[in-house]
Amino acid sequence: MAHVLGEWSRSVDVGALHVSPLQRAQETAAPISAANNIAITTDERLIEAANIFEGKPFGIGDGVLKHPSAWKHLYNPWKPSWGEPYEEQINRMLAAVFAARDAAQGKDAIVVSHQLPIWILRSAVEGRRLLHDPRKRECTLASVTSLHFDDEGMITGTSYTEPARHLLPKK
Numbered sequence: 211m212a213h214v215l216g217e218w219s220r221s222v223d224v225g226a227l228h229v230s231p232l233q234r235a236q237e238t239a240a241p242i243s244a245a246n247n248i249a250i251t252t253d254e255r256l257i258e259a260a261n262i263f264e265g266k267p268f269g270i271g272d273g274v275l276k277h278p279s280a281w282k283h284l285y286n287p288w289k290p291s292w293g294e295p296y297e298e299q300i301n302r303m304l305a306a307v308f309a310a311r312d313a314a315q316g317k318d319a320i321v322v323s324h325q326l327p328i329w330i331l332r333s334a335v336e337g338r339r340l341l342h343d344p345r346k347r348e349c350t351l352a353s354v355t356s357l358h359f360d361d362e363g364m365i366t367g368t369s370y371t372e373p374a375r376h377l378l379p380k381k
């Protein structure tokens, strides 16, 4: 998937490549870097959202919902109470996106992050509520969510594509 994304990236005029420090994001960015002969800039602000359930199955059967000790973390889905607040995710992602945009100096900036922060930022930009069903996110592996800017550097819209859709598991 990352190699397909690297080939896709040749279709844009890449001026900056900013990437989460997490391994999978770095692996996704490597073919983009190679295809465009551009260095990767690692940005801590692009990291996955903090979550106390990280690495644990989340569900009723064998997941954390079966354990009453986890319930105390589920009292406020609007914040969310189990991890990094949505507003904090939006603020750090916007700061990272604006830094990448500025570094691109009028060209396209590619930012490689993770599903939840991307979806929360996109939802905020599109005016959608932040509380959502994670199964219904439009944000697959190696997908591209684009933010579009006007001449003053303000976000004017979004778009979404899946260059590696043919490699995704069939539902």
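The C-terminal residue of the sequence shown carries number 381 in this note's numbering, and the numbering is unbroken.
C-beta atoms are modelled at their ideal positions from N, C-alpha and C, and glycine is treated no differently.
Computed from a predicted structure; not experimentally measured.
| task | Quick one: grab the DSSP three-state call for Asn-247. | result | Reduced to three states, the DSSP call for Asn-247 is coil.
| said: Quick check for students: name the residue ranges of the beta strand (DSSP E) that lie wholly in the stretch 276-343, counting only runs of 3 or more. | reply: Scanning the stretch 276-343 for uninterrupted beta strand (DSSP E) segments of 3 residues or longer gives 318-322, listed from N- to C-terminal end.
| task | Can you check DSSP and say which residues form a bridge with Gly-367? | result | Beta-bridge pairing links Gly-367 to His-358.
| said: Among Val-222, Arg-347 and Gly-225, whose alpha-carbon lies nearest the alpha-carbon of His-324? | reply: Closest option to His-324, judged by alpha-carbon separation, among Val-222, Arg-347 and Gly-225: Arg-347.
| field | Continuous alpha helix (DSSP H) stretch holding Val-214: start and end | value | Following the DSSP letters along the chain, one finds Val-214 inside the alpha helix (DSSP H) bounded by residues 212-219.
| query | Would a C-beta distance cut-off of 8 Å place His-358 and Thr-368 closer than the cut-off? | reply | Yes.
| field | Rounded C-alpha distance that separates Ala-310 from Leu-340 | value | Leu-340 has its alpha-carbon roughly 24 Å from the corresponding atom of Ala-310.
| said: Please state the DSSP three-state secondary structure of Val-222. | reply: In the structure shown, the three-state DSSP call for Val-222 is coil.
| query | For the 8 Å Cβ check, are there 3 or more pairs between the stretch 278-296 and the stretch 313-322? | reply | The stretch 278-296, when compared against the stretch 313-322, does not touch it at the 8 Å Cβ threshold.
| query | What is the DSSP secondary structure of Leu-378, counted as helix, strand or coil? | reply | Coil.
| field | Proximity to Ser-353 [Cα-Cα], best of Met-364, Thr-371, Arg-338 and Phe-308 | value | Taking Ser-353 as reference, the option from Met-364, Thr-371, Arg-338 and Phe-308 with the minimal CA-CA separation is Thr-371.
| query | Quick one: is Trp-292 buried, meaning 16 or more other Cβ sit within 10 Å of its Cβ, or exposed? | reply | Flag for Trp-292 reads buried.
| message | On the criterion of 16 or more Cβ atoms from any shown chain inside 10 Å, does Gln-279 qualify as buried, or is it exposed? | response | Note that residue 279 is Ser in the sequence shown, not Gln. The residue is exposed, with fewer than 16 neighbouring Cβ atoms inside 10 Å.
| From Thr-252 to Glu-297, what does the alpha carbon distance come to, in whole angstroms? | Straight-line Cα distance between these residues: approximately 22 Å.
| Quick one, which of Asn-261, Gly-225 and Arg-338 has its alpha-carbon nearest Ala-249's? | Comparing Cα-Cα distances from Ala-249 to each of Asn-261, Gly-225 and Arg-338, the minimum goes to Gly-225.
| Do Tyr-285 and the ligand NAP come close, with the Cβ less than 7 Å from some heavy atom? | With respect to the ligand NAP, the structure shown offers nothing to examine, as it has no ligands at all.
| On the three-state DSSP scale, how would you describe Thr-252? | Thr-252 falls in the strand class under three-state DSSP.
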